[in-house]
Structures are given as structure tokens and as C-alpha cells.
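Enquirer: Before I ask anything, here is the structure I am working with.
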Amino acid sequence: MEISTSKSKKQKPVDIDKPKLTVKEFKRQWILVVISVIYVIYGIIFYYLPLAGWIIAFQDFKYNKGISGSKWVGFDKFKFLFSDKTFLMVIRNTFCMGALNLIFSTVVAIAFAILLNEVKNKYFKKSIQTISYLPHFLSWIIVVAIVHDALTSTGIINDILMRLHIVQTPFPFLARPEWFWPIVTLSNLWKETGWNAIIYLAAITSIDPCLYESASIDGAGRFQKMLYVTLPGLRPTIMILLLMNIGNVLNAGFELQYLLGNGLVQNVSRTIDIYVLNWALDARNLDYSLGTAAGIFKTVVSMTFIVVSNYIAKKKGDERLF
Amino acid sequence: MKTKKIVTLILASMLAVSSLAACSNGGGTGATDATTGAGGETQATSGEKEIVDFTMFAAMSGKEKDANNDIQEIIAQKTGVRVKETWLTGQDAGEAIGSIIASGKLPDLIDGGDGSVTLYENGLLVAWDDYLEKYPNLKEMYTDEEWDKFRMDDGHIYWANVFGNSYNHINTATGQNGEAFWIQVRVLEWANYPKIETLDEYFKLLEDYAAANPELPDGTPVIPYTCLCEDWKYYCLENAPMFLDGYPNDGCCIVNIDAGMDKPKVVDYNTTDTAKMYFKKLNEEYAKGAIDPDFATQTYDEYIAKLSTGRVLGLCDQYWDFAYNIMGPFASPLQATDGTEFRLDQIGCDYVPLGLVAKKGMSQQWHSYDDELNQSSGCAVTTSCKDPDLAFAFLSALLDQDIHDLRFWGIEGVDYLVDENGLYYRTEEMRENWKSDSYKAKHTCEYSYCPQWMGMSRDGINRMQPGEQPSEFVLSLAEPLKKCFEAYGVGTYVEFLNSEKVVNAPWYPLWSWSNSISSDTPGGVAWKKMGETKHLWLPTVVMSKDFESDWAAYQAAYAECEPEKFLEEAQAEVNKRLETAQSYGWTPN
């Protein structure tokens, strides 16, 4: 990303597009180089070296034989994956839940941030913001326990519905496959909306107040200011976050679905991660190779998503990651 | 653009925070925590004796003991070994064992449950063979024929199942540890102790009682019937048709012996008329509201929490799965709506087992009078244990009578007294202590997944475990339970259940085979699919608004799993076990 703020104009202009790597320049920046090298090493060790383990996807890996002793099977594991109906089902589940989550979490977080920004009482605004992002710090197992409890026949949701005479008998939310995705999406919203809104709120505060003033002079009302000043001002942030999150669509979740699922909703609740757990880490199967193959598939798809959406953003002249 | 700079900053800090958080999340595998510090570091305590600390993981849910547990310390002084036991936390047995293998950090001792065979296949267990010769206490646990059943395909023994093994092979059980339709004694008392034989009678009684007594004294509404469906514990819903037809708990199928004991034939219980009758009955009861509306989605913890309130009148389950967890709550005082104190066991919330059958007058085999040998899992020593000899010495020492008494009876004078005839007995206070969860955590140390005995003690006077001591057993019963037994003229749960007295067939129990089959064979694949299909369809047919069409759809989906491939392998296993028994001289009689 280019750095050209109003402050930097007062300093000596630096053309970062074409840095001249001279000894003098290097000496001047040596501390920065050292710091970045640490991150590069960290990245290599923790992100790239483990990728070497991918080779077991092409083996029939056995724990006691190790990588060198296990038999090579080529693409057999991948063939098995794509002939397994269950795997195709979990791809669908993962993708749908991921997409629902992406769409709703983005829209709701933006709406929440804009609305919160309109609150003029500083203390009220701050307390709402704090309250709304606190659930982010709860672990999923706690959130699931709350959700599970709220949705049982005697839980708060059914209690309210029955008192309002909307339903006569408790509605079995957790037993209905068609309700599973909405429940997952809503749980995600409850937990993450406040947290996701922080970044938008920050972006809003940096929108030049002159724009609002001139909009007022032009006769824009509050709603129009939101629409024509705040939203366009947020556009770069939204694009960047969207691009990053698209790569995460297949990370639709593990804990939530795993803990909230049951036999009745298994066909819509299982995600790729749960499938991997079942095949790779369950002692009754313990097929690390198959689990790795599923993991590779997930990575490849995620990479493709990012590259394609980045390309589209570039075409449209919007913000982009790379 | 200032926006960008701020956004970048926030993004960077968020990434940093989330990567930190990821480290601490750890994917919810408590099992791996359990295994840290494996290897048996020695640590000197109070200068008396070097105590070695071992870790043990049991792939079961259980309660952890407090540090400095009284009896654990005494056993540590006697044996030189202290074992920290850990249990499943959230995940199931297979996943827990899978992650332990993947992490490479094993505890010193392990009961791998369904994952035991995988531990063996990955070469992570120490063979017992040499140590069996060295430690007669361990060898004594089973006969040679029984030990042979534990042998894996390499000819060695890697674990010993520790449960239901009676000393000198004389089973003295007072309780029904297995499955039954359980009912609260207050329901039977209310109906003046009727004879309940069929599902119709059972549910009618539950409904009538719930209509007449809709609330507990503290205002909690009653639930006539609930049923656990979570993970493998859906047997509570699934396998009743096998028992209703009068067969014993082979678990995965019926073994029909109409053609003679030497010509056993494997039959599927999922497709019988009884199965349809049973699920149709559940369906009707669900529609009437007699079955817990959350039965299909409740977790084990929710299930136990529900039972602990005393509001569930009836259920189908195996005793060990629920009873030990509700003893504490049942013995604690509660506040009634009118301000008086009451206890659930005093008002008759304790459960008694009913041996229901499909048709009136049939005999049943809910209870098995002989020991059940489950060779598919058990207590094992891992290759991570630095001193396996010490581990086996410890397991052997646990079977010494004095230590065995410490584990199950406690400390003489504190937890039990001895009368002039040498008979152990407890006072009321001692019995209450042993029902209390907090007392058990700080004082008692059963090492419940290590080798142990049932049946008669070596002194010929007492029983190995107090629950089987006839005098203790009667005294440990709450008043309403005692009255119930008197009303039916019986002394124990076993007599109450009154199952047919049969000698276990040589292939029994077949679940010891089906629990550990992997999905490498066509039968194994079918078994996995059958399980998934039943998990989906059984609750569906129970909750169905149109039972007949959903039942047909279920049967069609079930047939698609090709259960015949599984049954074929089950038949082969039955034949194999029969042949093995015959080679040891077994004959049908």
C-alpha cells in the first residue's frame, strides 16, 4: 500500500515504488530490516515449513512407519474424497455456512458501526460498543452452551414464543435441519458483530469532517449523510476486509457446528473441518493422509477465491490486497 | 489517506491478538493436556519414599481427584506410585485417542476404549506377556482361555479389561449394571406396585403418574420419559428391540439359537416387527407429550442435569451410564415450595430396572448372570512409560487385598468398621460420605479404570466392593427403595429384574467385537453407515407426524447401507468364537 499522508509531504519525499538499495540506505534502515527478518523467519517456520507435511496426502501414511516408510499411493486419497458423497455434502455445508456468515457478518457489522456512529452521547456510545464486542472474548464452547440452552424446549426462546402465543408447543429448533444454518449464522452474529464493527468505527472516525459539513450545507439530512458520505468513505475498508474474508469462507467453523450438531442435523451440520477430524484424528479411522488431502483441497480453494476476487477488485479499480 | 493507515494498524493488531488467541484455544483437546508430563518424573515427598508420578488417561467421562487425595497418598506410600487420572473432556473416545497419537505425547497408563486397537496397531502399547508371569496378581485375573481372547494378531496381550470380573468366577452382583427400562420407585408405589411387563403398561403407568403428580415438591415439572441419543450412547434409543425380543446384550445384532447352541444365526434387530412396534410406541408417546421434547438434541451433560433434578420418571439406559452421576444430587437436601427440606432419594426418585418384553409372558435376558468379558479394550501401559516394570508392579499391587480394600472400602475406622466376625460395615454417616462428590474427590481413590475385582473377597467373608456386600447393600438403599423391594419380595436389583438364568454363550457379548471394527472392510463401512443412518432416522421416526411413511423411508435408507455385509462379518465372528471355545472343550448342553 502506498503511504502518502499529508504529514509525509513535509519530510524528504521517498519514492517507495522504486527503492534504491544502496549500502547507505541499508545502514539507515538496518533496524527495520532486522525486525522484518524476524517476521520472515517466523513465517517460514510456522507457515511454510509445515507445508512439507502435505506429501503424506500422496501416501498411505501410517504413524508407526513414518513418512519415509509409508507407501506412496499417488492421487488415491483425492479420488476417494471426491467419490465420497459425504465429502461433497460437507463441501456444500461449509461453503453455504461460510457464505452466509460472510454476507451477514459484513452487512450487519457495517450497519451497526454506522448506527453507532450516529449516537451522539459519548458515554452511551462507548458502553454500547464495549458491551457488543465482549462476546467475542467468550470461547465457542461457552457460546454453544448458551445457544443450546436458549433453544431447548424450556429455553428462553421457546418460553417467549409460548408466552406470546406464537407457538402452542415448544419448537424443536435444534432438531430441524432447515434451522441449523440460520442458528449458526445468528450465533456468529451475536458473538462477532461488535468486534467486526470496531474496524469500521475506526474508519468512520477518519472520514474528513469537512465532507459532513459541506453535505449539511448542501442540504443533506442525517440519513443522506450516512448514505453519501459515510458509506463511500468506508468503501476501501469494506473491500479490503471482504477480500480477506473471502479467503476464509471455507473456514466456516468447527467448534460451533461440532458442538451444536446432533444426529438429526448431521447432513447440514458437518463441515470440512469436522470431516477431517472424523477421518484423520478419530482412532477408529486415523487416516492422516485423507485428512491432509481434504486440508489441501480447502487451501487450494481458498487461495483461488482470494486470487479471483482480488483480480475482480483490480478490474473494478477498487482496493486490493496484492 | 489517514483511513488506510489506521485500518492497517488495527488489522495488524487484530492479527497479532488472534494468533495469540489461537495458541490458547488449542482446539478443545483436553486429552492432550492430560498427557503432558508423561514419563513418570520422580519426586521426593516428605522424605519417606521416592514416589513416582504416572499419568493415566481413560477414554471415558469421569471425575478428577483432588491433589493430595487422602487414599491416593496412602496407596502412593505403599506402592511408590501416584497416578494422576484424566478423562474425556467434550470429545469422544476415538477423537481423544486419535489426537493423543497425533500429538505423540502419551500418558503412562491408558484405557483407550474404542481406540485401543489403534493404539496397538501404532505400536504404542507394552505387551503384558512377560509381566503376567512376573506378577501373579495380574495373571490371576483371567484363565488362560480368557487371556487368549485378549491376544492380538501378533500373539501378545496388550491390555486387560478391568470390569465385571468376579474373584474365583463367582458373580455376586446385586445390581443391574447393564441396560433396562428404569422407573422411579415412587411411580410404582403410587400404583401400588403393579407388575409391568410391556411397553404399553410401562408408558401407561408413566403417563398416569405424571397426570396425577405433575410436579416435584420444589415445583419442577416432571418428564415422563427421556432418552439419550448423543454419539455412541444412542444405544439408549437404538437397541431396545433386541432386549424386547428376549435376547441378551450382544449389542450389534441378535444371535438366534433356535437351531441349537452350535448353530448360532446372526439376525438384524433393526428391521424386526418388534423394532417397528417399539418405535411406533415411542412415536405415539412423543405425540402425546410423554417423551422429553429435547430427547434427540440433548447432550450427555444436559441429560445428567435433567436426571439429577429427579423430574424424569422413566428412561432406558445402562446403569453405569447414569446412576453414579446422580447419586450425589439425589442425596442432597432441596427446598420444597412450602419451605420444608426434602431429598430426592427419600421421596422415591431412585430408579429400579424393568425387564420389558415384546409380548406378555415372554422371558427376557436384560441381566447377564455371568461375567461379561470385553476383550476389545482395557487398561494398558504405553511405550511412553519410562519404567513399565514399575507400572505393572503398581497394577499388580492394586489387586493386593489391603490396597483393594483401600480403593473400594476406604480406610478402616474412617470409611468402614469391622464387626467381631470380620464383616465390614459402614455407619449411616460413612455411607452418606461415599455418596458425596466432594468427599470422593478429596478422600477416595478407586483408580476405577485399573485392574479390580468384583465378587467375594479373599477373606471369604466380605465382598470385593461394598455395593455387592449383601448387608451393606440393603442398608445403602433409601427407604422408598427398600419398601419397593419388600413389596415385590426381592432383595436385590437382580432379583427385581428377574431375567432368565442362562449361561453366557461362547460368542457373548458380540459388542466386544463390533465396538472395535474399523472401516477397512466392507462390513466395517456398512457398520459406519448404518450408525449414521440410524442417528438421523431413529429420532426422526420418533418425532414423525406420519410414522408409516417415515418408517418406510428409514427402512429404505437403512437397506442402502448394505447391512447384510456387516451381518456376514458378524456371523463369521460368532463362528470363530464358537470354534475357539470348542477347541477348549466347550460343548452345547
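These protein sequences, in sequence, are chains R and L.
Sequential numbering of the first sequence, starting at 713, is according to the working numbering.
Sequential numbering of the second sequence, starting at 520, is according to the working numbering.
Where a beta carbon is used, it is the ideal one built from N, C-alpha and C, also for glycine.
Okay, do the segment 1024 to 1032 of chain L and the segment 760 to 771 of chain L touch, 3+ Cβ pairs below 8 Å being the bar?
Expert: Result yes; three or more Cβ-Cβ pairs closer than 8 Å.
Enquirer: Below 8 Å on the Cβ atoms is my guess for L/Pro1028 versus L/Asn893; work out the distance and round it to an integer in Å.
Expert: Taking the first residue of the second sequence as 1, we reach residue 1028 of chain L at position 509. Taking the first residue of the second sequence as 1, we reach residue 893 of chain L at position 374. So it is a contact: roughly 7 Å between Cβ atoms.
Enquirer: The beta strand (DSSP E) spanning L/Leu873 covers which residue range?
Expert: Locating residue 873 of chain L in the second sequence gives position 354, where the first residue counts as 1. Note, L/Leu873: beta strand (DSSP E), Tyr870 to Leu873.
Enquirer: Are L/Tyr797 and L/Leu763 close, meaning C-beta to C-beta below 8 Å?
Expert: As a first step, residue 797 of chain L must be located in the second sequence, where it is residue number 278. As a first step, residue 763 of chain L must be located in the second sequence, where it is residue number 244. Cβ distance < 8 Å, so L/Tyr797 and L/Leu763 count as in contact.
Enquirer: Please decide whether R/Pro894 counts as near chain L, where near means a Cβ-Cβ distance under 8 Å.
Expert: Here residue 894 of chain R is taken as the residue at index 182 of the first sequence, counted from 1. No, no contact with chain L.
Enquirer: Could you pull out every unbroken alpha helix (DSSP H) segment of at least 4 residues lying fully inside the segment 876 to 922 of chain R, listed in chain order?
Expert: Here the runs fully enclosed are 889 to 917.
Enquirer: Alpha carbon to alpha carbon, how far is R/Trp1041 from L/Leu724?
Expert: The structure shown does not extend to residue 1041 of chain R, since chain R spans only 713 to 1034, so no value can be given for it.
Enquirer: What does DSSP give as the partner residues of L/Phe576 in its beta bridges?
Expert: Indexing the second sequence from 1 puts residue 576 of chain L at position 57. Looking at the DSSP assignment, L/Phe576 forms a beta bridge with L/Thr605 and L/Ile629.
Enquirer: I want to see whether chain R comes within less than 8 Å of L/Tyr754, judged by CB atoms only; does it?
Expert: Residue mapping note: residue 754 of chain L aligns to position 235 of the second sequence, counting from 1. Output row for L/Tyr754: interface = no.
Enquirer: Could you check whether the Cβ of L/Met1049 sits closer than 8 Å to any Cβ belonging to chain R?
Expert: Residue mapping note: residue 1049 of chain L aligns to position 530 of the second sequence, counting from 1. No, L/Met1049 does not count as interfacial toward chain R.
Enquirer: Can you give me the C-alpha to C-alpha distance between L/Thr548 and R/Asn974, rounded to a whole angstrom?
Expert: Counting from one through the second sequence, the residue named residue 548 of chain L turns up at place 29. Counting from one through the first sequence, the residue named residue 974 of chain R turns up at place 262. Bear in mind that a pLDDT of 38 at L/Thr548, under 50, signals an unreliable position, so the number given afterwards is only what the model happens to contain. Distance between the alpha carbons of L/Thr548 and R/Asn974 is about 19 Å.
Enquirer: If the cut is a Cβ gap below 7 Å, which residues of chain R does L/His1054 touch?
Expert: On the second sequence, position 535 is the one that residue 1054 of chain L refers to. The contacting residues are Gly975 and Gln978.
Enquirer: Mind the definition here: the segment 739 to 756 of chain R touches the segment 963 to 977 of chain R only if three or more C-beta pairs lie below 8 Å; say whether that holds.
Expert: Contact between the segment 739 to 756 of chain R and the segment 963 to 977 of chain R is absent, because fewer than three Cβ pairs lie under 8 Å.
Enquirer: State yes or no: is the beta carbon of L/Ala730 nearer than 8 Å to at least one beta carbon in chain R?
Expert: Within the second sequence, numbered from 1, the residue matching residue 730 of chain L stands at position 211. So no, L/Ala730 is outside the interface.
Enquirer: If we count the other Cβ atoms within 10 Å of its Cβ and call it buried at 16 or more, is L/Ala553 buried or exposed?
Expert: Position 34 of the second sequence, counting from 1, holds the residue named residue 553 of chain L. Unreliable placement is indicated for L/Ala553, whose pLDDT of 40 sits below 50; the coordinate value is still reported in the next sentence. Looking at its Cβ environment, which holds 16 or more other Cβ atoms inside 10 Å, L/Ala553 is buried.
Enquirer: Between L/Ser1033 and L/Tyr1073, what straight-line distance do the alpha-carbon atoms span, to the nearest angstrom?
Expert: Taking the first residue of the second sequence as 1, we reach residue 1033 of chain L at position 514. Taking the first residue of the second sequence as 1, we reach residue 1073 of chain L at position 554. Cα-Cα distance, rounded: 22 Å.
Enquirer: Using a Cβ cut-off of 9 Å, pull out every chain R residue sitting near L/Glu614, in sequence order please.
Expert: As a first step, residue 614 of chain L is located in the second sequence; it is residue number 95 there, counting from the start. Near L/Glu614 (Cβ distances below 9 Å), the residues of chain R are Leu989, Asn990, Leu993, Asp994 and Ala995.
Enquirer: Are the segment 773 to 793 of chain R and the segment 996 to 1008 of chain R touching, with three or more C-beta to C-beta distances below 8 Å?
Expert: Yes: at least three Cβ pairs fall under 8 Å.
Enquirer: Please list, in chain order, all residues of the same chain as L/Ser1037 whose beta carbon is under 6 Å from its beta carbon, the five residues on each side excluded.
Expert: Within the second sequence, the letter at position 518 stands for residue 1037 of chain L. Within the same chain, L/Ser1037 has close Cβ partners Gly1043.
Enquirer: Taking L/Leu643 as the reference, which of L/Gln695, L/Tyr654 and L/Ile620 has the closest Cα?
Expert: Here residue 643 of chain L refers to the residue found at position 124 when the second sequence is read from its first residue. Here the closest residue by C-alpha is L/Ile620.
Enquirer: Per DSSP, what kind of secondary structure is L/Pro1058 in: helix, strand or coil?
Expert: Indexing the second sequence from 1 puts residue 1058 of chain L at position 539. Note: L/Pro1058 maps to helix in three-state DSSP.
Enquirer: Counting only Cβ pairs nearer than 7 Å, list the residues of chain L close to R/Asn776.
Expert: Within the first sequence, residue 776 of chain R is the residue found at index 64, counting from 1. Near R/Asn776 (Cβ distances below 7 Å), the residues of chain L are Asn641 and Gly642.
Enquirer: Between which two residues does the alpha helix (DSSP H) containing L/Phe722 stretch?
Expert: One-based indexing of the second sequence puts residue 722 of chain L at position 203. Unbroken alpha helix (DSSP H) run through L/Phe722: Leu718 to Ala731.
Enquirer: Do L/Tyr1012 and L/Thr693 have their C-beta atoms within less than 8 Å of each other?
Expert: As a working note, residue 1012 of chain L is residue 493 in the second sequence. As a working note, residue 693 of chain L is residue 174 in the second sequence. For L/Tyr1012 and L/Thr693, yes; Cβs fall inside 8 Å.
Enquirer: Could you give the distance in angstroms between the alpha-carbon of L/Gly874 and the alpha-carbon of L/Pro985?
Expert: Within the second sequence, the letter at position 355 stands for residue 874 of chain L. Within the second sequence, the letter at position 466 stands for residue 985 of chain L. Those two C-alpha atoms are separated by around 25 Å.
Enquirer: Tell me the DSSP secondary structure of R/Lys1026 in three-state form.
Expert: If you number the first sequence from 1, residue 1026 of chain R lands on position 314. Looking at R/Lys1026 - three-state DSSP - the assignment turns out to be helix.
Enquirer: Who pairs with L/Leu834 in a beta bridge, going by DSSP?
Expert: Translated into the one-based positions of the second sequence, residue 834 of chain L becomes position 315. Note: L/Leu834 sits in a beta bridge opposite L/Trp701 and L/Thr745.
Enquirer: Taking a cut of 9 Å between CB atoms, which residues from the segment 886 to 918 of chain L lie near chain R?
Expert: Residues: none.
Enquirer: Given 8 Å as the limit, is there contact between the segment 924 to 934 of chain L and the segment 587 to 596 of chain L, that is, 3 or more CB pairs closer than that?
Expert: Because the criterion of three Cβ pairs below 8 Å is met, the segment 924 to 934 of chain L and the segment 587 to 596 of chain L touch.
Enquirer: For R/Ile854, count neighbouring C-beta atoms within 10 Å of its own C-beta (all shown protein chains included) and say buried if the count is 16 or more, exposed if not.
Expert: One-based indexing of the first sequence puts residue 854 of chain R at position 142. Counting Cβ neighbours within 10 Å, R/Ile854 comes out exposed, since fewer than 16 surround it.
Enquirer: Name, going along the chain, the residues of the segment 1027 to 1038 of chain L whose beta-carbon falls closer than 7 Å to a beta-carbon of chain R.
Expert: Hits within the stretch, in order: Ser1037 and Ser1038.
Enquirer: R/Thr905 versus chain L: which residues are under 9 Å apart at the beta carbon?
Expert: Your numbering for residue 905 of chain R matches position 193 in the first sequence. Going along chain L, no residue has its Cβ under 9 Å from R/Thr905, so there is no contact; the nearest lies around 15 Å.
Enquirer: What is the rounded straight-line gap between the Cα of L/Glu804 and the Cα of L/Leu1057?
Expert: Against the second sequence, residue 804 of chain L aligns to sequence position 285. Against the second sequence, residue 1057 of chain L aligns to sequence position 538. The straight-line gap from Cα to Cα measures roughly 14 Å.
Enquirer: Please compile the residues from chain L whose C-beta is within a distance smaller than 8 Å of the C-beta of R/Ala887.
Expert: For this step, residue 887 of chain R is matched to residue 175 along the first sequence. Those within 8 Å of R/Ala887 in chain L are Ala815, Thr816, Pro1058 and Met1062.
Enquirer: Going straight from the alpha carbon of R/Phe807 to that of L/Asp1065, what length do you get?
Expert: Along the first sequence, read from residue 1 onward, the residue named residue 807 of chain R stands at position 95. Along the second sequence, read from residue 1 onward, the residue named residue 1065 of chain L stands at position 546. About 33 Å.
Enquirer: Taking the beta strand (DSSP E) that L/Phe861 falls in, what are its first and last residues?
Expert: Within the second sequence, the letter at position 342 stands for residue 861 of chain L. Looking at the DSSP string, the run of the beta strand (DSSP E) that includes L/Phe861 is Glu860 to Arg862.
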